[in-house]
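Protein chains in written order, with this note's numbering: chain A, 1 to 318; chain B, 1001 to 1235.
Notes follow the structure.
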Amino acid sequence: MSLFIVNILDGLVTGLLLFMLCSGLTLIFSMMGVLNFAHASFYMLGAYFGYQISTYVGFWPGLILAPIIVGVIGAAIERYGLRRVHQYGHVPELIFTFGLALLIEEVVQFFWGKSQMAFEAPAALKFAAFSIAGNAFPAYKVFMIFIAIGVFLVLLYILTKTRIGMIIQAALSYPETVQNLGHNVPLIFMGVFGVGTAMAAIAGVIAGPVLGTFPGMAVLLGSIVFVTIVIGGLGSLWGALLASLLIGWLQTFAAAYNLRMADLLTAIGLTEPADLAQSLLSDLWTLTLPQVGPILPYLLMIIVLALRPQGLFGKRET
Amino acid sequence: MLKVRDLNAWYGKSHILQGVDFEVGEGEIVSLLGRNGVGRSTTCKAIIGEVEPAGVVEFQGRNLAGMKPYEIAQAGIGYVPENRDIFPGLTTRQNLLLGLKPGQKDGDGAGRWSMQDMFDMFSNLRERADVDAAVLSGGEKQMLTMCRTLMGDPQIIMIDEPTEGLAPKIVQQVGELLERIAERGVSILLVEQKLTIAMKVSSRVYVMGHGRIVFQGAPAELEDNPDIRREWLEV
Ligand SMILES: Nc1ncnc2c1ncn2[C@@H]1O[C@H](COP(=O)(O)OP(=O)(O)OP(=O)(O)O)[C@@H](O)[C@H]1O
Ligand SMILES: [Mg+2]
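Written out as structure tokens, the structure reads:
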């Protein structure tokens, strides 16, 4: 039971972290109509900038400054890059974001090299917040949960309770009509892009010390992020939240419970072949849950898409 | 107040507006009539900047051609498109609030209209003030889009086919709203296909055919000109 609670908390950390990327990406998708392949690259930039700033002035200023810098870079890329490419249609836009992802990875490797950075959690948070039956839960993870929930609440408040949030919602469905009413929609879209990338950067800064700050981190998380927003339903914030948590728990539990395929197969009445090494099915018999863990999100995506092609909360026809 | 001179517009290679000329005076109701596809909506879109215009769109002495739609709206031109786009997921009240321009406040007395005025004119909107506006009927949506644009206190409002597909009683309400708008000194460019309310409320009418103006005059003159009506209006 105690292990179960630890896994719930660990999964929550992963899920909320995912959501910080997914919420921005899904908003940007509703706006542009295409997936931004470079979204996780801004998460990586956040981690690297956070690390670099932490080497001069410590972790906390980095947590504030890195997202601001990344947000400004994101806004500039929207203003001077994506907006120009937009008029040529969706395919060039996709290619642009794809190229951007490659470019950011190259730039990161150019300045920081290929190896992992020594980005560490601040000393003030290096203690066990509590422990459940001998399993210590680090204070840093509690901090991550609070940051992510805080970011989510601020986003929710802005989108549903403020005038700018209403304008954003309206502009997602009818940008022209909103513009004809006198609202500077291009500026609003640039702002949404900037805030979305800044949120990815916050996730990068807080994840860097636990998940590692290395040039592959964008690709590693990026593919899961896409799977998540497809499961949640493209363009749906609540769908992104639900899917993020689902994937977070799925991955955590799959890694924690060492279920073996052999047990499952014998449980349904099959007998394990004596000369397993010789058997064609040896791979199947020796499979364990932690081994298949990484592909579970993709499996879940396939199941969801088969049953509900628009995703859990999606409205758009696909 | 609004003078359009030699207005041209294209969709890709097709030359839709081929030198449109007309003007709307201070506090005047002017109708732009014509059959389907002659370019009436395109004229509105070229004025608001949604379609790139060539020519002159002079508003209060300033040429607006080439400016962005939000700048043109902020300059005082209101536009109610024919598609009756209601922002889904937002309530009737929120839809109305979105008509306010940046920096404008509802009910502070600075503009001609308040949300209260809209609710007083259309009790249906008041009753449905806090429900998702996507559930409104066609007539209610038409009223809401017109009221939403009025919330931004335009000096002139272009209304594209407000009566299309509406029951006679609602059409009459639209006519009454047009008169109230004019009473408060707002000029109206009314785009219509049917003559019913246009002939009643307008001081002047223009008839459009194939991307240019083919007739202009008082409603009575159009009434007396069966040739023009037969050639450019009747179906
Ligand atoms: N987005 C577009 N792309 C290409 N052609 C268009 C587009 N919109 C309109 N057109 C064409 O431009 C011409 C004028 O269209 P417009 O919408 O201005 O007509 P209209 O006079 O408003 O008539 P109605 O609203 O009754 O259709 C039509 O021939 C139409 O086919
Ligand atoms: Mg039209």
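Backbone N, C-alpha and C define an ideal beta-carbon position, used for all residues, glycine too.
Using CA atoms only, rank isn't needed, just tell me which of the options is closest to residue i.
i, options, result
"Val1024 of chain B", "B:Cys1044, B:Tyr1011, B:Gly1039 and B:Leu1017", "B:Cys1044"
"His1210 of chain B", "B:Asp1117, B:Glu1223, B:Val1038 and B:Val1174", "B:Val1038"
"Thr288 of chain A", "A:Ala262, A:Phe313, A:Gly269 and A:Ala306", "A:Ala262"
"Pro309 of chain A", "A:Ser54, A:Asn180 and A:Gly232", "A:Gly232"
"Asn1036 of chain B", "B:Arg1062, B:Met1208 and B:Phe1022", "B:Met1208"
"Gln1074 of chain B", "B:Gly1103, B:Asp1085 and B:Glu1082", "B:Gly1103"
"Asp1160 of chain B", "B:Ser1123, B:Ala1198, B:Glu1058 and B:Ala1134", "B:Ala1198"
"Leu265 of chain A", "A:Phe253, A:Tyr257, A:Glu105 and A:Asp283", "A:Asp283"
"Ser131 of chain A", "A:His183, A:Leu9, A:Gly191 and A:Glu176", "A:Leu9"
"Ile159 of chain A", "A:Ile104, A:Ser23, A:Ala306 and A:Phe226", "The question names Ile, but residue 159 of chain A in the sequence shown is Leu. Checking every option, the nearest Cα to that of Leu159 of chain A belongs to A:Ser23."
"Gly222 of chain A", "A:Ala40, A:Thr26 and A:Ser2", "A:Ala40"
"Ile95 of chain A", "A:Val34, A:Pro186 and A:Thr197", "A:Val34"
"Gln1142 of chain B", "B:Val1057, B:Arg1062, B:Tyr1070 and B:Asn1083", "B:Asn1083"
"Ala170 of chain A", "A:Tyr157, A:Val154, A:Leu155 and A:Ile188", "A:Ile188"
"Pro294 of chain A", "A:Ala256, A:Leu82, A:Glu120 and A:Gly191", "A:Ala256"
"Asn1063 of chain B", "B:Ala1218, B:Asp1006, B:Ile1086 and B:Pro1226", "B:Asp1006"
"Leu103 of chain A", "A:Glu120, A:Lys126, A:Ala218 and A:Val142", "A:Ala218"
"Ala125 of chain A", "A:Tyr140, A:Leu237, A:Leu296 and A:Trp112", "Here the sequence assigns Leu to residue 125 of chain A, which means Ala is not the residue at that position. Per the Cα distances, A:Tyr140."
"Pro138 of chain A", "A:Ala129, A:Leu211, A:Ile145 and A:Ala76", "A:Ala129"
"Lys1068 of chain B", "B:Val1080, B:Glu1052 and B:Gln1060", "B:Glu1052"
"Phe193 of chain A", "A:Ala38, A:Leu12, A:Ala207 and A:Asn7", "A:Ala38"
"Gly1055 of chain B", "B:Ile1086, B:Lys1101, B:Trp1010 and B:Gln1094", "B:Trp1010"
"Lys1200 of chain B", "B:Gly1019, B:Gly1089 and B:Glu1223", "B:Glu1223"
"Ala1134 of chain B", "B:Gln1018, B:Lys1105, B:Phe1087 and B:Gly1019", "B:Phe1087"
"Val210 of chain A", "A:Pro122, A:Val108, A:Val6 and A:Leu25", "A:Pro122"
"Leu1090 of chain B", "A:Ser279, A:Val304, A:Arg163 and A:Thr286", "A:Arg163"
Buried or exposed: which applies to residue i, given that a residue is buried once 16 or more other Cβ atoms fall within 10 Å of its Cβ?
i, result
"Thr213 of chain A", "buried"
"Leu181 of chain A", "buried"
"His1015 of chain B", "exposed"
"Glu1050 of chain B", "buried"
"Ile149 of chain A", "exposed"
"Glu1231 of chain B", "exposed"
"Tyr43 of chain A", "buried"
"Gln251 of chain A", "buried"
"Tyr48 of chain A", "buried"
"Ser1202 of chain B", "buried"
"Met1 of chain A", "exposed"
"Tyr80 of chain A", "exposed"
"Gly1165 of chain B", "exposed"
"Phe4 of chain A", "exposed"
"Arg1180 of chain B", "exposed"
"Gly74 of chain A", "buried"
"Glu1140 of chain B", "buried"
"Thr177 of chain A", "buried"
"Tyr56 of chain A", "exposed"
Who are the near neighbours of residue i in its chain, counting only those whose CB is closer than 6 angstroms to its CB and skipping five residues on each side?
i, result
"Leu63 of chain A", "Val205"
"Met117 of chain A", "Tyr51 and Thr213"
"Gln1155 of chain B", "Gly1076"
"Gly1185 of chain B", "Gly1027"
"Glu317 of chain A", "Per-residue confidence for Glu317 of chain A stands at a pLDDT of 47, beneath the threshold of 50, marking its modelled position as unreliable; no derived number is given."
Ordered along the chain, which non-local residues of its own chain (more than five positions away) have a Cβ less than 7 angstroms from that of residue i?
i, result
"Ala1182 of chain B", "Gly1027, Ile1029 and Ile1188"
"Met1118 of chain B", "Leu1096, Leu1125 and Cys1147"
"Val65 of chain A", "The displayed chain sequence assigns Leu, not Val, to residue 65 of chain A. So the list reads Ile53, once near-sequence residues are dropped."
"Gly269 of chain A", "none"
"Pro290 of chain A", "Ala254, Ala255 and Asn258"
"Val151 of chain A", "Met20, Met199 and Ile202"
"Phe226 of chain A", "Leu35"
"Arg1212 of chain B", "Gln1018, Gly1019 and Val1020"
"Leu172 of chain A", "Ser30 and Met31"
Using C-beta distances below 8 angstroms, list every residue in its chain close to residue i, excluding the 5 sequence neighbours before and after it, in chain order.
i, result
"Gly1099 of chain B", "Cys1147, Arg1148, Thr1149, Leu1150, Met1151 and Gly1152"
"Phe29 of chain A", "Leu35, Asn36, Ile229, Leu234 and Gly235"
"Gly1034 of chain B", "Arg1040, Gln1193, Val1207, Met1208, Gly1209, Trp1232 and Leu1233"
"Leu1177 of chain B", "Met1121, Met1143 and Met1146"
Please determine whether the Cβ atom of residue i lies at a distance below 7 angstroms from any heavy atom of ligand 3.
i, result
"Arg1040 of chain B", "Ligand 3 is not part of this structure, which contains only ligand 1 and ligand 2."
- Of the residues that make up the segment 1082–1103 of chain B, which ones have a beta carbon closer than 9 angstroms to any beta carbon in chain E? No chain E appears in this structure, whose protein chains are A and B.
- Item | Start-end ranges of the beta strand (DSSP E) lying completely within the segment 1124–1165 of chain B, minimum 3 residues | 1156–1160
- Query: Is there contact between the segment 85–102 of chain A and the segment 55–72 of chain A, where contact requires at least three CB pairs shorter than 8 angstroms?
  - Reply: no
- Unbroken stretches of the alpha helix (DSSP H), 4 residues or longer, contained in the segment 83–166 of chain A: Counting only runs that start and end inside the segment 83–166 of chain A, the alpha helix (DSSP H) elements of at least 4 residues fall at 83–86, 90–112 and 139–161.
- Item | Entirely enclosed alpha helix (DSSP H) segments - the segment 239–314 of chain A, minimum 4 residues | 261–267, 282–286, 289–292 and 296–307
- Item | Completely contained alpha helix (DSSP H) runs for the segment 1007–1048 of chain B, where each covers 4 or more residues | 1040–1048
- Task: List in chain order: all unbroken alpha helix (DSSP H) runs of 4+ residues lying wholly within the segment 213–237 of chain A.
- Result: 217–232
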